[in-house]
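J.:
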């Protein structure tokens, strides 16, 4: 079955009937006044798209449904006396506004237009309807350039000396119809089809085809809508809002979509069709005015809207038409809203008793919460909007304009905030992008190099602001008459895509402030809407925390970071990267350690490092007192601690040329050359280094144990977990574990302080996942390092590839999202699932977490919940996002409604 | 049940009873004269090793079996009048000669020694037996330094003025026993246990413990014997060969282990115990002499050996003892043999009707065949043996001695063959190792850095020749009085570990000659043993080819290589690496292509490359006419075609310093910097490059198609298969396939030459294996790139890690073999298995091969056969090895006997 009458469907069938079709069916089921019609399924569309032809029986099914429609309307398609007219509208699973096609007034031809004129007693209306059909059919079905029609319409209005279409006389419209038919015959090589059934079938096919227009394809990629869903097609009896006084059309929300406050919000346009509202030719009236114009219709509409809201249990967004005082409902859907409104509306609906707290949590998303946490431009500040581009990477950035990477680096080094402005970026610009506070380009969208790299860096970016002309050579950019020179200040809003001249004050998000200082302090001196928002966030977060199964930890390497994350709700540290400690002030000792040529030198370097490491660990364990702190032993390759090889080689060569050879430098170069690796990511690092460089891991374990014993003696409760990185095979773990246990036992005995710290491993190589059953024989916990696991599973290193080919890959649709941003379920995710199962087969209840950056990505959090991890760990700022999504996932898995938040 | 009487086991139970125990049981079952006894299982040993104590009930079981033994012998352990004596011997699943422990004469004590003296009527024998027990028990069970006993024995002999033990008088031996008991009491802190049951249990435990002595652990690692098998323990009534005339002991083979010729070979030592033969104190007699000494015993032995050979259907190696003219069999096993003998013996046994051709193929190994294919030193040449080390990497190499890497590189660059001699090597020596013909070290064994790296390079190496003193600073090495200076010529045999002074002539292997020129030509002018060997190889190879299911292709990039591989039996090319072509004379065009800054420049570079590529492909397709040739589109990262970044940076800096700036060079450096990658292995390469660099893949496909069409027009039958590298996700393949199909269609149409070439993919990333079902929707074949798959699955790059940590990893036993050498079944192999299953679930019968170097590794070939690949592909030289192993695998899988070839 490829066709469903509106009376045979409901809102649960959106996959098959599309969003619009499912909601039309739902309204029909509720007994609301919906013009009758039917929906051709997405399945039929998919068949057509794959095979190039309609599925068998589709045309017969449509014919049957048309006959039913004719019967219920008492009119026939193409009837020369009183024709039935229908609309043909696309309607996919996910809304793709403006992307796809509509043809109205199907059923008109040279004969039936006369009948319509007579029946309606309005020749102008009839000929205008025919004119509209020809125009839409020409553009949509026959692919004729729209200007061919629009220019003739404009000429006719000019000739008639009128400003709007409705002022044209029937004769003038009739003449225009003649011209449009000529255009069609000439451009398409055949006359406009007079057979209404042919009109209908060709319109349906045009809607199918519109799924794959370039703009639709691009839109889907941007919005991460799967490419293979296809669209449904809705065929519906026409209702006319443009048949004079007592008619009109409107759109409305069942409550304020900004604040969620009760009461109806909308616009009404008398004597008009829906398309006229979109075209914006005439000014609309506030919906309340309809009460004066047509009280019965208004009252009916209010009653219907109340019905819809209580039925959908959410704010609804509707379209309606009044044809000669008869109200028709043309569409409804759950209304879109801003991030802030989403939280406020959810809580208001709870307070009104409409939805439960579970549902409220489902109604908001981590992405919305993240949006509320970015710094924002102060709302009450003056702004001078210069341009608008794509909101490529969120945040608010203010700085001096620079036009090249070198200047960006130089000025940033002097402590200045800069905005790097380029037509588009390429890998040469990486240095400047790192140095800049924000990035602005005049070319490219969300998948451009600039956008991809900026998001990877967490840097604010606006891309593709096309009305900006960037002249890098002249160090200037222009928007119309406005010229901005190097050094001038601009402000860019990566969440809205707006670009402002001058400095716009940036303020901390009130939601972040709430996490930092708590509810009462956060709402002490803000306006009421902000306070309302913060209270809503508070209630939703608390409920999400109640419901979630998944723990949320943080990735933090210092005491202050740990403390901050704890305020954000982190329940421990999932990843403390000890190498960050080694890269700071300790670097010189590490260099000594690596370059040591005797055991004594190495011992001395290790001895110098020990007190520094103890201090490092003490800070973090103290900040996370009473909560688990997973400490990863040193992971990166040795040479990261050494000088750059090429730079050093150049220096030594120049020294030699100048006769100033520095033997120590030459010696360092020799060691650097010896340690140089082709692929350091795949080289001597992690556990390999621990096994090959004597004393390094032991030093770290000793420092952890000493720090913990010292804290214990102060009555504290340090809870370290020791994590061994880059395990590929169980034997590596077993060797390292034995050494760590020996050191722990030694320090425990010395201090009379039994610690009982667990020793576990990162699972970050495919082989570790594949042999997790063996590894779990001795590893006491797993933590999935999904960054590295993504690198090895896909065989690309993040450093190299994001710049080199992620941008073209996203453009081509090979990725819909970077696998470093959101977990790749088919590949990397499959390994995670396998490793959890294998690990727990060996060691039931094995504690498993994830410490890759995916731990803070909403979609990934749901995946990790699904595969049964115990916790996710993410950067402090993402902790609230992970908490919320963990709550949403728990509710969903407990059978929540799974509201469509797209 | 932890203990089996010899009468209750058989040879199939070697896992449980160990090799020795199983064969003792088998001989018992055959009714041969085996001293009665019982075997304690490997399971008991494993329990002991894991838990530190004997399994429950073991001691009771042993007591029961001792009682049965006492009954059948009519003597009791420790009986002061007529004591039963037993031996306690280890016996693991795989022979570990000299590695583990034996205690003889258990059951003697201060009282029973007198009884034995009386019963044997030989006090000297009795006191010598007690002396031996004390000595072995002291060393083995009590871990007393052997010198404590040996020095006293020597002193006693000196005092007595005799040369051998047997010349000591009973009184002198009695005195020695007293001294030994004192040593034991002093060194172990307790007197020698007089209770024979305690002696027995402690000896059993000592054998268990001997599994984990350092030398046993090292031996197992070297021989790739699993560490967790444990050993069985054989307890057996003593038979004495040292009770005067009419007694003795011997070892024998049932036929000549060198040539396989029929007839008995062995040695006999009258009036001696087995340990005396090993000690080599007295000269043995040829076994035939026994016929004169004791005709009945000799005849019985001949009859038993005939029985054994026909029972085992293979050459057997035995130990026996004659006690007062009574023959006792102490051991038998299938005899070890050289590689050449293995082939000849197998065929002789076939010709004698003893075994089938299937069995003959099972009796030889690919490793043995490979050994026969290495160049060898001419057998009849004069040789001056200088030293002997470990046979670390096979082959025969002759060259001038150098002592440092720099000299090796310099001399090799002048066209000289050099042998790099070092105490041991480290990563600094890599350049020299690449340049050298062979490598010799005085330290380290088969897992040393030198050995691991040399095997990886396929370079001849002898390691750990410990009597060589290497003085690199003086550029000299010494062996005793002989001094070898830099520039002197030596010859090293990597298959035997021998080092010769001067040049030993190297000859091509007759087996390689056979593959090159065929049987008749190969045996035309060689000696008969060689001809016999070549004929044996020929028959075995032909039978292996008949039986194997798995195809064998080769990895070859040039016409001559392809032709050579075809002679070696390759059934096509499994991997033609097009980048090798690009690195030769074409490199300059590739550099132009990469550095092209305009479309025109790029087009010009591509146009210049096209005819060169066509010529390349024509050569190879012609050489493999009629057979499949899988051509991999270009795979390595761009910068491999560009100058070295550090070198170029130094040059440019020096130019600048000298005021001689070369703008073109600066420009190249800029590009090289732009293209530089942190981890090129994980960067822009393979399909990624093909998708990002327009025209490159299309050029290659065009060249393949043009070459094929040209060959077709000459009546040839070129059969290319186009392979796309580094696929991680199906979409990459689909995009590339579409472009390739477009180009193929174009060339086919232009030349009127339909080609119908299949387009498939490498599976060389974990994600490709995990999503093989999706990829198989459009890929027409799979080829597993197990080199890269190993790199990403384990997360290490071969370039970096073999040098950096494979050597310590092999020493530690983390690897028993490099995963680049033999497929890692648990990790990489699991992905291969998964991908084959998933791929064929989508596309039944999907053609799958392997083109990593594992394709030529014997163990890996069996694995690939097991998982159902269609072919393996390997270097030309390994093709015969793969053919043989594919045959062996097929026979084994068809239910072959699976002879133990270890």
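Protein chains in written order, with the numbering used here: chain A, 1 to 902; chain B, 1 to 902. Every residue, glycine too, gets a C-beta built ideally from N, C-alpha and C. Here the structure is a predicted model, which is why all the values come from computation and not from measurement.
(1) Taking the beta strand (DSSP E) that residue 477 of chain B belongs to, which residues open and close that run?
(2) Could you tell me whether any Cβ in chain A is nearer than 9 Å to the Cβ of residue 441 of chain B?
(3) What is the DSSP secondary structure of residue 234 of chain A, counted as helix, strand or coil?
(4) Give a yes or no on whether 9 Å exceeds the smallest Cβ distance from residue 681 of chain B to chain A.
(5) So who's on the other strand from residue 362 of chain A, going by DSSP bridges?
(6) With a threshold of 6 Å on Cβ separation, who are the neighbours of residue 378 of chain B within its own chain once the five nearest residues in sequence on each side are excluded?
(7) Which full runs of the beta strand (DSSP E) of 3+ residues lie inside the region 394 to 453 of chain B, going along the chain?
(8) Out of curiosity, what's the CA-to-CA distance linking residue 659 of chain B and residue 647 of chain A?
(9) List the whole-angstrom C-beta distance separating residue 101 of chain B from residue 148 of chain B, where the pair is believed to meet the contact cut-off of C-beta under 8 Å.
(10) Look up residue 145 of chain A in the DSSP assignment and say whether it is helix, strand or coil.
(11) Quick check on residue 794 of chain B - is its C-beta less than 9 Å from some C-beta in chain A?
(12) Which same chain residues, not among the five before or five after residue 885 of chain B, have their C-beta less than 7 Å away from its C-beta?
(13) Using the beta-carbon count (16 or more within 10 Å), is residue 288 of chain B buried or exposed?
(14) Can you give me the start and stop residues for the beta strand (DSSP E) that residue 318 of chain A sits inside?
(15) Where residue 688 of chain B and residue 616 of chain B are concerned, what is the direct C-alpha to C-alpha distance, given to the nearest angstrom?
(16) Could you compute how far the alpha carbon of residue 192 of chain A sits from the alpha carbon of residue 235 of chain A?
(17) Report the rounded CA-to-CA distance for residue 638 of chain B versus residue 806 of chain B, giving the unit in angstroms.
(18) Would you list the one or two residues that DSSP bridges to residue 457 of chain B?
(19) What is the residue span of the alpha helix (DSSP H) that residue 2 of chain B lies within?
(20) Under 9 Å, Cβ to Cβ, is there at least one residue of chain B near residue 194 of chain A?
(21) In whole angstroms, what separates the C-alpha of residue 113 of chain A from that of residue 174 of chain A?
(22) Can you give me, in chain order, the residues of the region 675 to 708 of chain A that have a beta carbon less than 8 Å from any beta carbon in chain B?
(23) For a contact defined as C-beta to C-beta under 8 Å, what are the partners of residue 765 of chain A on chain B?
(24) Would a C-beta distance cut-off of 9 Å place residue 361 of chain A and residue 888 of chain A closer than the cut-off?
(25) Which of helix, strand or coil does DSSP assign to residue 558 of chain A?
(26) Would you mind working out which of A:853, A:766, A:550, A:894 sits nearest residue 865 of chain A, comparing C-alpha positions?
(27) The beta strand (DSSP E) spanning residue 196 of chain B covers which residue range?
(28) Looking at the unbroken alpha helix (DSSP H) that takes in residue 854 of chain B, where does it start and where does it end?
(29) How would you call residue 295 of chain A, buried or exposed, if buried means at least 16 neighbouring beta carbons within 10 angstroms?
(30) For the alpha helix (DSSP H) containing residue 182 of chain A, name the first residue and the last one.
(31) Give the DSSP bridge partners of residue 847 of chain A, in chain order.
(32) Just how far apart, CA to CA, sit residue 463 of chain A and residue 582 of chain A?
(33) Between which residues of its own chain and residue 324 of chain A is the CB-CB distance below 7 Å, once the five residues before and five after are set aside?
(34) Hey, residue 432 of chain B and residue 341 of chain B are a contact pair by Cβ (cut 8 Å); roughly how many whole angstroms apart?
(35) Please report whether the beta-carbon of residue 49 of chain A lies at a distance below 9 Å from any beta-carbon of chain B.
(36) Is residue 726 of chain A close to chain B, meaning its C-beta is less than 9 Å from at least one C-beta of that chain?
T.: So, from the data block:
(1) Counting from one through the second chain, the residue named residue 477 of chain B turns up at place 477. Element bounds for residue 477 of chain B: 476 to 479.
(2) Reading the second chain from its first residue, position 441 is the one you call residue 441 of chain B. Output row for residue 441 of chain B: interface = no.
(3) Position 234 of the first chain, counted from the start, is the residue given in the question as residue 234 of chain A. Looking at residue 234 of chain A - three-state DSSP - the assignment turns out to be strand.
(4) Here residue 681 of chain B is taken as the residue at index 681 of the second chain, counted from 1. So yes, residue 681 of chain B belongs to the interface.
(5) The sequence position of residue 362 of chain A within the first chain is 362, counting from 1. Residue 362 of chain A is not bridged to any residue.
(6) The residue you call residue 378 of chain B lines up with position 378 of the second chain. Taken in chain order, the residues that qualify are 505, 507.
(7) 396 to 402, 418 to 422, 438 to 441
(8) For the purposes of this step, residue 659 of chain B is taken as the residue at position 659 of the second chain. For the purposes of this step, residue 647 of chain A is taken as the residue at position 647 of the first chain. If you take the alpha carbons of residue 659 of chain B and residue 647 of chain A, they lie about 20 Å apart.
(9) Here residue 101 of chain B is taken as the residue at index 101 of the second chain, counted from 1. Here residue 148 of chain B is taken as the residue at index 148 of the second chain, counted from 1. Not quite, the Cβ-Cβ distance comes to about 17 Å (not below 8 Å), so this is no contact.
(10) Here the question's residue 145 of chain A lines up with position 145 in the first chain. If DSSP states are grouped into helix, strand and coil, residue 145 of chain A belongs with coil.
(11) Stepping through the second chain from its first residue, residue 794 of chain B is reached at position 794. Chain A, which has a Cβ nearer than 9 Å to the Cβ of residue 794 of chain B, makes this yes.
(12) Position 885 of the second chain, counted from the first residue, corresponds to residue 885 of chain B. So the list reads 366, 858, 861, 862, once near-sequence residues are dropped.
(13) Mapped onto the second chain, residue 288 of chain B falls at position 288. Classification for residue 288 of chain B: exposed.
(14) Residue mapping note: residue 318 of chain A aligns to position 318 of the first chain, counting from 1. Its beta strand (DSSP E) spans residues 316 to 323.
(15) Position 688 of the second chain holds residue 688 of chain B. Position 616 of the second chain holds residue 616 of chain B. Near 24 Å, if we compare the C-alpha coordinates of residue 616 of chain B and residue 688 of chain B.
(16) In the first chain, the residue the question calls residue 192 of chain A occupies position 192. In the first chain, the residue the question calls residue 235 of chain A occupies position 235. Distance between the alpha carbons of residue 192 of chain A and residue 235 of chain A: 20 Å.
(17) The count along the second chain starts at 1 and reaches residue 638 of chain B at position 638. The count along the second chain starts at 1 and reaches residue 806 of chain B at position 806. Rounded to whole angstroms, residue 638 of chain B to residue 806 of chain B spans 28 Å at the Cα level.
(18) For this step, residue 457 of chain B is matched to residue 457 along the second chain. Looking at the DSSP assignment, residue 457 of chain B forms no beta bridge with any residue, so it has no partner.
(19) Your numbering for residue 2 of chain B matches position 2 in the second chain. It is not in any alpha helix (DSSP H) - residue 2 of chain B carries neither H nor E in the DSSP assignment.
(20) The count along the first chain starts at 1 and reaches residue 194 of chain A at position 194. So no, residue 194 of chain A is outside the interface.
(21) Taking the first chain and counting its residues from 1, one reaches residue 113 of chain A at position 113. Taking the first chain and counting its residues from 1, one reaches residue 174 of chain A at position 174. Each residue's alpha carbon lies about 10 Å from the other.
(22) 677, 678, 679, 680, 681, 682, 683, 684, 688, 691, 692
(23) Mapped onto the first chain, residue 765 of chain A falls at position 765. The contacting residues are 793, 794, 795.
(24) Within the first chain, residue 361 of chain A is the residue found at index 361, counting from 1. Within the first chain, residue 888 of chain A is the residue found at index 888, counting from 1. Closer than 9 Å, so yes.
(25) Indexing the first chain from 1 puts residue 558 of chain A at position 558. Coil, per DSSP.
(26) For the purposes of this step, residue 865 of chain A is taken as the residue at position 865 of the first chain. Of the candidates A:853, A:766, A:550, A:894, the one whose C-alpha sits nearest the C-alpha of residue 865 of chain A is A:550.
(27) Taking the second chain and counting its residues from 1, the one referred to as residue 196 of chain B is at position 196. From DSSP, residue 196 of chain B is part of no beta strand (DSSP E) but of the alpha helix (DSSP H) over 196 to 210.
(28) Here residue 854 of chain B is taken as the residue at index 854 of the second chain, counted from 1. Taken as a continuous stretch (DSSP letters only), residue 854 of chain B belongs to no alpha helix (DSSP H), as it is neither H nor E.
(29) As a working mapping, residue 295 of chain A is identified with position 295 in the first chain. Exposed is the call here.
(30) On the first chain, position 182 is the one that residue 182 of chain A refers to. Element bounds for residue 182 of chain A: 170 to 188.
(31) For this step, residue 847 of chain A is matched to residue 847 along the first chain. Residue 847 of chain A is bridged to A:781.
(32) As a position in the first chain, residue 463 of chain A is number 463, starting the count at 1. As a position in the first chain, residue 582 of chain A is number 582, starting the count at 1. Their backbone Cα atoms lie some 37 Å apart in a straight line.
(33) Taking the first residue of the first chain as position 1, residue 324 of chain A is located at position 324. Closer than 7 Å at Cβ, skipping near neighbours: 243, 246, 247.
(34) One-based indexing of the second chain puts residue 432 of chain B at position 432. One-based indexing of the second chain puts residue 341 of chain B at position 341. The Cβ separation is near 37 Å, so there is no contact.
(35) In the first chain, the residue the question calls residue 49 of chain A occupies position 49. Not closer than 9 Å to any Cβ of chain B, the Cβ of residue 49 of chain A fails to qualify, so no.
(36) Sequence index remark: in the first chain, residue 726 of chain A carries index 726 (1-based). True, the Cβ-Cβ gap to chain B drops below 9 Å.
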